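The next block holds one structure in the form of structure tokens; read it before the comments.
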Amino acid sequence: MHFRPSLHGKTTSSSHSDHRPFEGTRGILEGRKDVMNEAKDAADRKIPRPNSDVDIRNATGGNRDHSLASKLKLWGFRDSRKPFQVRQLILPFTLLRFPTILFAGVLVGGVLSWYNVVGGSLALILGSAPYNFSPNVIGLFYLASVIGVSIGCLITGWASDALPLWVSRRRGGVMEPEHRLWLFVVAIVAHPVGCFFYGVGASYRIHWIGIAFGVGAISLTLPLGTSLAFTYVLDSFEEVSGEGFVSVILIRNSMGKWSINVDKASVSRLY
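Those letters in the sequence shown? Residues 1 to 271, per full-length UniProt numbering, in order.
Below, the structure is given as structure tokens:
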């Protein structure tokens, strides 16, 4: 048994007192001997322990022979640490009251919505005057999306972990889920710039290079916003991260469907 050594200060003595500097130390050593003797006696006691895995199985009832039908059942065993199925079904809707889930869902839904706008209007814009591009050329415009997504993946894969670690070192070594949100500055700049070049540029009939640049900038935020949202939920709600992902997807799909309907109505009025 290990004992932490005690710290002793300076002992002052005077001619008018009979203080003995080593009297307290002797008491400490005697107390240590008593503790060591008690620990030795406890170790010498014969404590009953399971001799093999058979005893453990007998105690837990794990040695029962299961039939083939019981082994193939899709239900029956449930982990006691997890909530019941009805509660687990309601949990994604319950998590919608947390600001973290709402922020992540709106972030992913906003990125997806604008990309749906691009996918639904790109052919109408480039196929009309003054561009009048053929379907083959319009398909090549999606190379801008490939370039933008590739750059976004490179930034996200490296900086999503490196940046929070750097911030945590500067703040006493404590890492918070919000440290990942600093990377969102890139999306705040790139996404409005891409929407400006694509939307406003198409309305003013600018050169097609500006439209391609806008498509690439919007596509850059796809992996960036998605990775930030899901890792933020995972760090904040680690125990219920699966249900949190379901809540984020519910918001994302609702916003994506709404953007498709709005996009069709807007483009039909312009062209």
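Note that the Cβ used here is the ideal one computed from N, Cα and C, for glycine as well.
All figures in this text were calculated on a predicted structure; none of them were measured in a lab.
Could you check the C-alpha separation between residue i and residue j for me, to the nearest Å?
{"i": "Leu228", "j": "Tyr204", "result": "34 Å"}
{"i": "Trp166", "j": "Gly110", "result": "28 Å"}
{"i": "residue 280", "j": "Glu178", "result": "Because the chain in this structure spans residues 1 to 271, residue 280 falls outside the shown range and cannot be described."}
{"i": "Gly120", "j": "Ile206", "result": "19 Å"}
{"i": "Ala123", "j": "Gly173", "result": "50 Å"}
{"i": "Leu96", "j": "Gln88", "result": "14 Å"}
{"i": "Met255", "j": "Leu222", "result": "15 Å"}
{"i": "Ser247", "j": "Ile101", "result": "7 Å"}
{"i": "Ile251", "j": "Pro192", "result": "21 Å"}
{"i": "Pro114", "j": "Arg170", "result": "One detail in the question is off: residue 114 reads as Trp in this sequence, not Pro. Near 36 Å, if we compare the C-alpha coordinates of Arg170 and Trp114."}
{"i": "Asp65", "j": "Leu74", "result": "18 Å"}
{"i": "Leu140", "j": "Val146", "result": "10 Å"}
{"i": "Asp161", "j": "Ser168", "result": "11 Å"}
{"i": "Ser241", "j": "Ile188", "result": "26 Å"}
{"i": "Met175", "j": "Ser236", "result": "11 Å"}
{"i": "Thr156", "j": "Ser70", "result": "46 Å"}
{"i": "Gln85", "j": "Ile249", "result": "20 Å"}
{"i": "Ala104", "j": "Phe245", "result": "9 Å"}
Just reading off the alpha helix (DSSP H) that residue i is part of, what are its end residues?
{"i": "Asp65", "result": "Asp65 -> no alpha helix (DSSP H), and no H or E assigned at all."}
{"i": "Val200", "result": "Taken as a continuous stretch (DSSP letters only), Val200 belongs to no alpha helix (DSSP H), as it is neither H nor E."}
{"i": "Trp114", "result": "99-126"}
{"i": "Ile188", "result": "184-195"}
{"i": "Ile90", "result": "85-94"}
{"i": "Leu220", "result": "208-236"}
Indicate whether residue i and residue j have their beta-carbon atoms separated by less than 8 Å.
{"i": "Cys195", "j": "Ile209", "result": "no"}
{"i": "Leu183", "j": "Leu154", "result": "no"}
{"i": "Ile138", "j": "Gly148", "result": "no"}
{"i": "Leu234", "j": "Val186", "result": "no"}
{"i": "residue 317", "j": "Tyr142", "result": "Shown here, the chain extends from 1 to 271; a query on residue 317 therefore has no answer."}
{"i": "Phe197", "j": "Ile211", "result": "yes"}
Taking residue i and residue j to be in contact with their CB atoms under 8 Å, please state how far apart those CB atoms are, rounded to whole angstroms.
{"i": "Ala144", "j": "Gly216", "result": "4 Å"}
{"i": "Ile151", "j": "Leu107", "result": "Contact flag wrong, Cβ pair sits at about 19 Å."}
{"i": "Glu243", "j": "Leu91", "result": "4 Å"}
Practice item. Jot down the residue ranges of each uninterrupted beta strand (DSSP E) in the stretch 128-175, minimum 3 residues, whole runs only, in chain order. Key: none
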